[in-house]
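Listed in order, the protein sequences are those of chains A and B. So the first sequence is residues 1 to 568, counted in this note's numbering. So the second sequence is residues 1001 to 1220, counted in this note's numbering. C-beta: ideal position from N, C-alpha, C; glycine also.
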Amino acid sequence: VFAEANGVQRDAALNADLCVIGAGAAGITLARSFIGTSVRVAVLESGGLQFDTATQDLYKGPNVGLPYFPLDTPRLRMFGGTTNHWAGVCRPFDEADFAKRAWIPYSGWPFGTSEMDPYYARAEQVVHLQGDHWSTQDWVKQDTLGPLPLAGDQVETRVDQIVPEAFRSFSTDYGDQIKAASNVTVYLDANVTEIETDPSGAAVTRLRVATLSGNRFTVAAPAYVLAVGGIENPRLLLASRQHHPNGIGNDHGLVGRFFLEHPRFIAGMIAPAERNLGVGFYLQHRIGQTIIQPRVGITRSAQQAEGMADVQFTLDPVYDPALQQANQSTDVAAMKALRHAIARHGLGDIGSELSTVIGDLMTWDRFVVPGAPLPVPYPEVVGEVMRVTPRDRQSLIPGLLGDVASFVYTRMEGNIPVNSVTVTARFEPIPNPDSRVTLSTERDELGMPRAELDWQLSDADKHNVERGMQILAGAVGGSGVGRVKITFDEHASSWPADLAGGYHLMGTTRMHEDPRRGVVDPDGLVHGMSNLYIAGSSVFPTAGSGNPTMLIVALTLRLSDHLKGALR
Amino acid sequence: VDEATEVRSGRAGEPEGAHHDGGASGPRPVPGRFYADVPNRFVAYLIDAVLLTLVAFAAAVVLSIIAGPIVTFDLTAAPHVSLNGGLALADAVLSTALGAVYFVGAWRRYEGSPGARLLGMRVVRADGGGRVGWGSGLVRWLFIGLPLALEALASLALGGRGDLVLILLLFAWYVALAVGIARDPMKRGWHDRVAGTVVTKVASVAPAASDEAERADGVR
């Protein structure tokens, strides 16, 4: 059920059997796994069911390292959390992602795929994927489009699956189920401002909760799970200083360190040997019921041979300028916004988008003989379409049929000729203790210190990308499909201006058996604490090659199994 | 049902033009003919629309040859396609004028447009079955052709904005005309009533001398 935190009696001391902080991918997954059990779960969610600016503002904080998104943009502080703007990209970590790689400092998880695969299988259900189909060969066999015939064994094709937009929000997916669950209470607008412990500091005794409207109360439970994301998890630990001057779990100064992202930027382009190079395979497209997004990656054996971390490439076709311009037009943007709104069951006002899209879809009407009872194109249009080459014909599409029709054409047609291919490199950063979240001197509306992010990457990361691009260039050049122009230079003094993250906030309460090397143990329990667990991507010791959400869910399912045993 | 009964009861053997029957206004069709209903009228209009579209296309070709291209292409610069608004307007006027000549002329000269004649239909005066005059014909055309012209002109004037609305309005107008035809005992739409015309169609098995035979005609 949902409860409004402002409706709780002031200074009340609430009790539950399990207290979960945060209702995002992890918090909702954890709460759901206790539905129908005798465990009374209290979930404390800072936001409400809808986005609220004042609540989102609590996320703000300074960026003092590499340029990064303003801290209130890569995540959403509301029920469902960041899944409310999730892009739905999934691929499980493979054995090498979990393994300790001698050439990558701080690498290695306490377990591998044999431990995680069963949980991944369950996580696929949770995120509404069609099932366990991660073999590139299987997809290639089914696809009418195909991968580039890249040379050598240093690059491979990888296939991500994309959760359909309608199923991405955990709020939409599971809100009703939570609402109907009598043993789960989600307190909305409930901000945890401090985790209180007993004087020994080894056990959490209660959580202090505050609302933006001024209500205050506490919640106590035998066990607590912190699940508010890669920045807020360390923030709350660091800000809870009653019996821990450096913050909870921070005896070894690790809380907030090792902040990881999946950095990406345009690192080069492929100049096709022939104008008709088709790269439709590398666009998000549907095979049967499943949306896939193939990419190119450096193989594990090449990574090992080169002493590299993972690097993968997204290939984006650059079409004829007319088609390219159409794809970036406001008409297409409106169409995407409309599609988005429909998938999300009508968030916001779509009137202007609708009229923009309809107007664009009616472009053809300008080029039919006026006053004729039936639509017939002007003679010049018929003549031109018949006269020009197929390649020029497609560049007439935006002008004659509109931008949206042109966009649909570029998506449907798959292998339409490209002028060039943009290569966006995304890499697994080397875990770096200097890349970290700390507390700012600024305070938020509730008096909590704001988070401060100092995102850092290293020269080793630069070298990885450069080497990755060189390997890709060799594979492309060797195949004869074209030549790669590498625009990234590892010796340049700064990172490219378009360096960005993937909204993947990881690593800040990393998992390790050794308390001197990790904040949580392999069960997710904070080292030195008896009843405080952490769920979410902040426990990832490495960023891996796959996107984090499905692993967040899988790890949370693993944690819930552990808790079911521990709470018995 | 009433209309059908009325049509079937059309008396055989009556001379053309002698057609008044107490209670019903207007003429009854002559033997072997019935009032042309919506499906017939729709198909006839569709045939005319195809023919007239070909005419309009041919006219656009001629206009384009005489006055220069209405649409120009330049694959080297964006936008690749541009429309000469003045010539498009001229073309709209030309298509509309040809449409008026096509319909009004055919009603006057052949008692029906090509589409109507192909289906054995005639457009005649409601008060005696004579040929439709130029004036009545023009009035009748205003209901059929003018909305199309207005849609084209509005679309040009608005630069393509609101095209869908205009097309839907035009469509609604034709639907309203069809509904008017369907609801009238003599299948006269607004255009018929204002212009004083009626449309009759030859029965497929002719001549019919009895009610029995007329029923077998598949009148409805």
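Between which two residues does the alpha helix (DSSP H) holding A/GLN394 run? Locating residue 394 of chain A in the first sequence gives position 394, counting from the first residue. Residues 390 to 395.
What does the Cβ neighbour count give for B/GLY1022, buried or exposed, with the cut at 16 atoms within 10 Å? Residue mapping note: residue 1022 of chain B aligns to position 22 of the second sequence, counting from 1. At B/GLY1022, the pLDDT of 35 sits below 50, so the modelled position is not reliable and the matter cannot be decided from this model.
Rounded to whole angstroms, what's the CA-CA distance from A/MET603 to A/MET448? Just pull it up for me. Coverage of chain A is limited to positions 1 through 568, which leaves residue 603 of chain A absent and any answer about it impossible.
Any idea if A/PRO147 is buried or exposed, counting beta-carbon neighbours within 10 angstroms, 16 or more meaning buried? Within the first sequence, residue 147 of chain A is the residue found at index 147, counting from 1. By the neighbour-count criterion, in which a residue is buried when 16 or more other Cβ atoms sit within 10 angstroms of its Cβ, A/PRO147 is buried.
Short Cβ contact (8 Å threshold) for A/ILE292 with A/THR422: Taking the first sequence and counting its residues from 1, one reaches residue 292 of chain A at position 292. Taking the first sequence and counting its residues from 1, one reaches residue 422 of chain A at position 422. Against a cut-off of 8 Å, the Cβ pair of A/THR422 and A/ILE292 comes out as no contact.
Ends of the alpha helix (DSSP H) at B/PRO1147? On the second sequence, residue 1147 of chain B is found 147 positions in, with the first residue counted as 1. Note, B/PRO1147: alpha helix (DSSP H), 1146 to 1157.
Throw me the rounded Cβ distance for the A/ALA5 and A/LEU188 pair, which I believe falls under 8 Å. Within the first sequence, residue 5 of chain A is the residue found at index 5, counting from 1. Within the first sequence, residue 188 of chain A is the residue found at index 188, counting from 1. That belief holds up - the Cβ atoms of A/ALA5 and A/LEU188 are roughly 6 Å apart, short of 8 Å.
Whole angstroms are fine: how far does the CA of A/GLN328 sit from the CA of B/PHE1042? The residue given as residue 1042 of chain B occupies position 42 in the second sequence. The residue given as residue 328 of chain A occupies position 328 in the first sequence. Whole-angstrom Cα-Cα distance: 43 Å.
Over what stretch of residues does the alpha helix (DSSP H) that includes A/TYR120 continue unbroken? One-based indexing of the first sequence puts residue 120 of chain A at position 120. First-last of the alpha helix (DSSP H) with A/TYR120: 113 to 126.
Quick check: A/ARG264 and A/ALA492, are their CB atoms within less than 8 Å of each other? As a position in the first sequence, residue 264 of chain A is number 264, starting the count at 1. As a position in the first sequence, residue 492 of chain A is number 492, starting the count at 1. No, they are not a contact pair.
Using only alpha-carbon positions, find the residue among B/ALA1106, B/THR1076, B/LEU1094 that is nearest to A/ALA322. Counted from its first residue, the first sequence places residue 322 of chain A at position 322. Minimum Cα distance to A/ALA322 is reached at B/THR1076.
I need the DSSP call for A/TYR224, collapsed to helix, strand or coil. Start at 1 with the first residue of the first sequence, and residue 224 of chain A comes out as number 224. Strand at A/TYR224.
Going straight from the alpha carbon of B/ALA1024 to that of B/GLY1135, what length do you get? For this step, residue 1024 of chain B is matched to residue 24 along the second sequence. For this step, residue 1135 of chain B is matched to residue 135 along the second sequence. For B/ALA1024, the pLDDT reaches just 40, beneath the cut-off of 50, and the residue's location in the model is therefore unreliable, although a value from the coordinates is still provided. So the alpha carbons of these two residues sit roughly 27 Å apart.
Can you tell me which residues form a DSSP beta bridge with A/THR218? Your numbering for residue 218 of chain A matches position 218 in the first sequence. DSSP, once it has assigned bridges, lists A/ALA13, A/ARG208 as partnering A/THR218.
In or out: A/GLY546 buried (at least 16 other Cβ within 10 Å) or exposed? Position 546 of the first sequence holds residue 546 of chain A. When all chains shown are included, A/GLY546 counts as buried.
What is the DSSP secondary structure of B/GLY1023, counted as helix, strand or coil? Indexing the second sequence from 1 puts residue 1023 of chain B at position 23. Only weak support exists for where B/GLY1023 lies, its pLDDT of 35 falling under 50; the coordinates are left without a value.
Host alpha helix (DSSP H) of B/ARG1183 (start-end): One-based indexing of the second sequence puts residue 1183 of chain B at position 183. Counting along the chain, the alpha helix (DSSP H) containing B/ARG1183 begins and ends at 1163 to 1183.
Between A/MET335 and chain B, is any beta-carbon pair separated by less than 8 Å? Within the first sequence, residue 335 of chain A is the residue found at index 335, counting from 1. Not closer than 8 Å to any Cβ of chain B, the Cβ of A/MET335 fails to qualify, so no.
Can you list the residues of chain A that B/PHE1042 reaches, using a CB-CB cut of under 9 Å? Counting from 1 along the second sequence, the entry for residue 1042 of chain B is found at position 42. Per Cβ cutoff of 9 Å: no residues; B/PHE1042 is ~13 Å from chain A at best.
Provide the residue span of the alpha helix (DSSP H) that contains A/ALA180, from first to last. Here residue 180 of chain A corresponds to residue number 180 of the first sequence, with the count starting at 1. That run of the alpha helix (DSSP H) goes 170 to 180.
Reference A/GLY249, options A/VAL520, A/TRP139, A/GLY544, closest by Cα: Position 249 of the first sequence holds residue 249 of chain A. A/GLY249 has its Cα closest to that of A/VAL520, out of A/VAL520, A/TRP139, A/GLY544.
Is the separation between the beta-carbon of A/ALA202 and that of A/THR556 shorter than 8 Å? Sequence index remark: in the first sequence, residue 202 of chain A carries index 202 (1-based). Sequence index remark: in the first sequence, residue 556 of chain A carries index 556 (1-based). Cβ atoms of A/ALA202 and A/THR556: not closer than 8 Å.
Out of A/LEU277, A/PHE427, A/ASP403, A/VAL539, point me to the one whose CA is closest to A/VAL332's CA. One-based indexing of the first sequence puts residue 332 of chain A at position 332. Measuring from the Cα of A/VAL332, the nearest candidate turns out to be A/ASP403.
Of the listed residues A/VAL64, A/THR193, A/VAL228, nearest to A/ILE21 (C-alpha basis): As a working mapping, residue 21 of chain A is identified with position 21 in the first sequence. Here the closest residue by C-alpha is A/VAL228.
Is the separation between the beta-carbon of A/GLY593 and that of A/LEU254 shorter than 8 Å? Outside the displayed range of chain A (1 to 568) lies residue 593 of chain A, so it cannot be described from this structure.
Tell me whether the beta-carbon of A/LEU439 lies closer than 8 Å to the beta-carbon of A/ALA210. Position 439 of the first sequence, counted from the start, is the residue given in the question as residue 439 of chain A. Position 210 of the first sequence, counted from the start, is the residue given in the question as residue 210 of chain A. In this structure, A/ALA210 does not lie closer than 8 Å to A/LEU439 by Cβ.
Hey, A/PHE79 and A/ALA23 are a contact pair by Cβ (cut 8 Å); roughly how many whole angstroms apart? Taking the first residue of the first sequence as 1, we reach residue 79 of chain A at position 79. Taking the first residue of the first sequence as 1, we reach residue 23 of chain A at position 23. A/PHE79 to A/ALA23, Cβ: 5 Å. Contact.
Compute the Euclidean distance between the alpha carbons of A/VAL357 and A/PRO398, then round it to the nearest angstrom. The residue given as residue 357 of chain A occupies position 357 in the first sequence. The residue given as residue 398 of chain A occupies position 398 in the first sequence. Cα to Cα, the separation comes out at about 13 Å.
Kindly indicate if chain A contains any beta-carbon less than 8 Å away from that of B/PHE1034. Here residue 1034 of chain B corresponds to residue number 34 of the second sequence, with the count starting at 1. No, B/PHE1034 does not count as interfacial toward chain A.
9 Å Cβ cut-off: residues of chain B touching A/ASP403: If you number the first sequence from 1, residue 403 of chain A lands on position 403. By Cβ distance, chain B contributes nothing, its closest Cβ being about 11 Å from A/ASP403, past 9 Å.
Positions along the region 388 to 422 of chain A whose CB lies within less than 9 Å of some CB in chain D: The question asks about chain D, but that chain is absent: this structure's protein chains are A and B.
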